[in-house]
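As structure tokens, the structure follows; a few thoughts come after it.
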């Protein structure tokens, strides 16, 4: 048992999402979104480095010492998997660990709308799950992929950096590929995947132009592609997919994206006030004929209006989802205000002046 495993056990017991270990500081846990100190001595650089290197593969240590940054996965059987990030900082070494539960929750257990679960039955196309770092994108995607795994008879390939949720083959055959260990980068893995007879491809992150282009190509050639982006809503997601390309190509990209895109799920996590835990508010865009026309014509600013009138298709805006959680007394008014887009709609629920005075 590695020395650091005791911190992972504490992390699991406290229900923390992240563990922070930094030379010159006490360990910290992120619990329900807030940072909390662990009653432990201040970690010095040599002690922490020894602790971290104990769980790090030798080839990864060499990469870290050359670059100053490292991502990899670590697993404690029977407890959980962890996404590990090492970095160099002023006082020495630092690390952040995100817990990835060993048990994959279903869409029903997560309380996701039925339309999100139905995305697993799509025959082809591109589905994007977006949101800020730590908003639960991976958890939502894992639930959708688990639905695919249980209800379809297909070949699933996942491309991640590092591998997070591990899906055991059920009705589907699932192959996990890790960037850096099993493939050079996302683009190389995607290019290879097109020759590996996949039905469903999961791309951990659309980081660059080549990966975005290959993901759209895969979706256009009969594959169902799931991917993530760090965008805050559906409109910004569509804009980001187009704007990553040079201006001379954007007209063609809009047309391709309009044909390839099937749905965008943009989510934000909130601290619950009724029970311990967190809850996600989801913005859902389903690519109907009207949405496709807006994408082709570059009128993405009209997408929120389409979502408001497209509830029969399962669409909803993030503000509507936040308002629903607020009315059900699951989240606080200040949290709702801070994460909404139409601030005026939530002002009446605030007891005090908004913390972010720049939004007034």
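Residue numbers (the numbering used here): 41 to 400. Beta carbons are placed, not taken as given, at the ideal position from N, Cα and C, and that holds for glycine. All figures in this text were calculated on a predicted structure; none of them were measured in a lab.
Residue i (DSSP reduced to helix, strand or coil)
i	result
residue 344	helix
residue 379	helix
residue 126	strand
residue 208	coil
residue 77	strand
residue 186	helix
residue 164	coil
residue 109	strand
residue 363	helix
residue 321	strand
residue 225	coil
residue 82	coil
residue 267	strand
residue 70	strand
residue 388	coil
residue 246	coil
residue 311	strand
residue 306	strand
residue 48	helix
Per-residue burial, residue i [other beta carbons within 10 Å of its own, 16 or more giving buried]
i	result
residue 53	exposed
residue 291	exposed
residue 331	buried
residue 377	buried
residue 352	exposed
residue 80	exposed
residue 333	exposed
residue 130	exposed
residue 398	exposed
Own chain residues within Cβ distance below 7 angstroms of residue i, not counting five before or after
i	result
residue 116	45 and 48
residue 342	334
residue 133	63, 85, 88, 89, 92 and 126
CB-CB length for residue i against residue j, believed under 8 angstroms
i	j	result
residue 234	residue 251	That belief does not hold up - the Cβ atoms of residue 234 and residue 251 are roughly 13 angstroms apart, past 8 angstroms.
residue 265	residue 243	7 angstroms
residue 365	residue 319	6 angstroms
residue 354	residue 335	In fact, because the Cβ distance is near 18 angstroms, the residues do not count as touching under 8 angstroms.
residue 173	residue 145	Contact flag wrong, Cβ pair sits at about 20 angstroms.
residue 369	residue 313	7 angstroms
Sequence-distant residues of its chain with Cβ nearer than 8 angstroms to residue i (five each side left out)
i	result
residue 382	359
residue 153	322, 324, 354 and 356
Beta-carbon proximity of residue i to residue j, cut-off 9 angstroms
i	j	result
residue 205	residue 121	yes
residue 236	residue 207	no
residue 63	residue 170	no
residue 109	residue 128	yes
residue 88	residue 56	no
residue 347	residue 300	no
residue 212	residue 241	no
residue 198	residue 214	yes
residue 263	residue 164	yes
residue 202	residue 123	yes
residue 78	residue 50	yes
residue 138	residue 317	no
residue 362	residue 310	yes
residue 386	residue 373	yes
residue 181	residue 268	yes
Neighbourhood of residue i by C-beta distance below 6 angstroms, restricted to the same chain and skipping five residues each side
i	result
residue 159	167, 184 and 303
Within-9 angstroms CB hit, residue i to chain C
i	result
residue 294	Judged by its chain identifiers, the structure shown contains no chain C, having just a single protein chain.
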